[in-house]
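Counting from 913, one number per residue, gives the positions in the sequence shown under our numbering.
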Amino acid sequence: MTHVSDPAPNPHATADEVQAAFKDPKLANVLYHDWEAGTYDEKWSISYDERCIAYATDVFNAVAGDLSNAVAGTQEQPYGHAMELGSGTGFFLLNLMQGGVIKKGSVTDLSPGMVQVALRNAANLGLDVDGRVADAERIPYDDNSFDLVVGHAVLHHIPDVPAALREVLRVLKPGGRFVFAGEPTKIGDFYARRLGRLTWWLTTNLTKLPPLRAWRRPQTELDESSRAAALEAVVDLHTFDPTELERMSRGAGAVDVRAVTDEFSAALVGWPIRTFEAAVPQEKLTLRWRLFAYRAWLRLSALDRTVLSKVLPRELFYNVMITGTKPSAPERL
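1. Using the three-state DSSP reduction, which class does VAL1013 fall into: helix, strand or coil?
2. Using CA coordinates, which residue listed in LYS955, SER1177 and LEU1157 is at the minimum distance from GLU1095?
3. Which of helix, strand or coil does DSSP assign to ASN941?
4. Using only alpha-carbon positions, find the residue among ALA1178, LEU1008, GLY1236 and PRO1024 that is nearest to GLY1017.
5. Apart from the five residues on each side of it in sequence, which residues of its chain come closer than 6 Å, Cβ to Cβ, to VAL1029?
6. What are the boundary residues of the alpha helix (DSSP H) that includes VAL975?
7. Given a cut-off of 8 Å, decide if PRO1154 and PRO1024 are closer than it, judged by their beta-carbon atoms.
8. Does the count of Cβ pairs from the segment 1117-1126 and the segment 1198-1206 closer than 8 Å reach three?
9. Look at the Cβ atom of GLY1100, then the Cβ atom of TYR1230, and state whether they are nearer than 8 Å.
10. Given a cut-off of 8 Å on the beta-carbon distance, is the pair ILE1014 and TYR991 in contact?
11. Mind listing, in chain order, the continuous beta strand (DSSP E) runs of no fewer than 3 residues lying wholly within the segment 1045-1133?
12. Quick one: Cα of LEU1203 to Cα of ARG963, how far?
13. Counting C-beta neighbours from all protein chains within 10 Å, is the total for GLY977 16 or more, i.e. buried, or is it exposed?
14. Just to confirm, is the Cβ distance from LEU1180 to LEU1107 under 8 Å?
15. Alpha carbon to alpha carbon, how far is VAL1083 from MET1026?
16. Could you check how far apart the C-beta atoms of PHE1004 and VAL1062 are, in whole angstroms? I think they sit under 8 Å.
17. Can you confirm whether the segment 1059-1075 touches the segment 1138-1153 when touching is taken to mean that 3 or more C-beta pairs between the two stretches lie within less than 8 Å?
18. Could you give the C-beta distance for ALA1164 and LEU1077, rounded to a whole number, given that I count them as a contact under 8 Å?
19. Any contact of the segment 935-952 with the segment 1169-1180, i.e. 3+ C-beta pairs under 8 Å?
20. What are the partner residues of THR951, as DSSP defines its beta bridges?
21. Could you please give the first and the last residue of the uninterrupted alpha helix (DSSP H) stretch that includes ILE1185?
22. Compare the beta carbon distance of VAL1146 and GLY1236 with 8 Å and say whether it is the shorter of the two.
23. Taking the alpha-carbon of GLN1010 as reference, which of GLU1079, ALA974 and ASP970 has the nearest alpha-carbon?
24. Quick one, which of ASN1056, LYS1222, ALA1046 and LYS1120 has its alpha-carbon nearest PHE1090's?
25. Which partner residues of ASN1231 appear in the DSSP bridge assignment?
26. Measuring CA to CA, which of ALA966, GLU996, ASP1059 and PHE1092 is closest to GLY1043?
27. Can you tell me whether DSSP reads PHE1204 as helix, strand or coil?
28. Using a Cβ-Cβ cut-off of 6 Å (strictly less than) and excluding sequence neighbours within five positions of VAL1073, which residues of its own chain qualify?
29. Are the beta-carbon atoms of ALA1093 and HIS1064 separated by less than 8 Å?
30. Give me whichever residues DSSP pairs with SER1018 in a beta bridge.
31. List the residues that DSSP assigns as beta-bridge partners of PHE934.
32. Output yes or no for whether 8 Å exceeds the beta carbon distance between VAL1232 and THR1097.
33. Would the beta-carbon of ALA1190 fall within 8 Å of that of SER1137?
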C-alpha cells in the first residue's frame, strides 16, 4: 500500500506543466515518469520471469559479489528488508526478491504513477512490498531502517547525487549495503544517444516510403514519443565516470566502495534495437524478432563480460554499477 499523504499520479500533463518542467528537473521527472508508467515495462521489455530474474541477480552479484552466505542462517534471503530508490515499476527490487536476494521490500519513487504500478506488480507477484512517493534527497524513512538499498537507472535522474547518497547511508543500518546499477557512463552515453537518434531518424523516415508504410506508427504516436523524448532529455541529468562515482560514494561516508562497468558491444547493438522497437507498431515485433533481439543481447553481453572487459578500459562501457556499505557502529569498550 502507498502512504495516505502520497499525491495521485498525473499521466496527462498540460502544455503549461510540460513547459514549466523544462526549468524544473524534479517536476520533469514526475511528469515524464507518470506519463510513461503505464507502458514502461513494455517499452523496455521488462518482465518478472526467469529472464529478468536472472538479469537482476547477475547484475547484483557482478558488483556486490555472491552474498548468498553473507548472513548466517538466512542463506536463501540474506537481506531482511530492502528499499529501492527510484523504483520505477519495481523491476530491480521485485526480481531480486524473486531471485532470493531480499525478503521484504519497499519501493520509492518521485513519480506517484511509478509507485502505483510497482505496487500493483508486487501484488500480482504475491510479494511483501510497501511503497512511498519519495524525493531521493529527502528519503521519508527513519535512520537505520534498511539492510539494503538498491536502485537501477536512478542516480542520473537525481539533481544532487551526493545528497541522495548521504540519505541512502542514513537510512541503512550499520553494515548495510547499497547497490546501484544501470547508470550511464560519460563515454557510453555519448555513443548510445547518437546511435539512438540516428536509428530514430532512419526508421521514421524510411517508413514514409510506400513499401514500408505498414511499419510506420501513426503520426500522433510518433509526435507523442518525440514530446516524451524531449522531456527525457530534461530528466537525464548526469553521466558518470566510474572513478568519480567511487570518490563521490566515499565522500558521502560509504566504505568498501567498488564500481564495475558492463555493456560495450551489447550497447552498440542494443540501443539501435530498442530505438527501432519504439519507432514501429508493436504488432510488427513478432516473438521471433523478440527472441532474436534478446539472444543477440545475451551473446554480446557474454562477450563483453568474458573478453572485452579484460582488454578495454572500464570507462568505455555503457553501464556503471556501484556498491558500498555503511560503516558498522563502533564497538563499545
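All C-beta atoms in this analysis are idealised placements derived from N, C-alpha and C, irrespective of residue type, glycine included.
Note that this is a predicted model, so its numbers are computed, not measured.
Concretely, from the data shown:
1. coil
2. LEU1157
3. helix
4. LEU1008
5. ALA949 and THR1001
6. 962-976
7. no
8. no
9. yes
10. yes
11. 1058-1064 and 1084-1096
12. 11 Å
13. exposed
14. yes
15. 22 Å
16. 6 Å
17. yes
18. 4 Å
19. no
20. THR951 is not bridged to any residue.
21. 1177-1191
22. no
23. ASP970
24. ASN1056
25. PRO1096 and ASP1174
26. GLU996
27. helix
28. LEU1067
29. yes
30. MET995 and ASP1042
31. None, per the DSSP bridge assignment.
32. yes
33. yes
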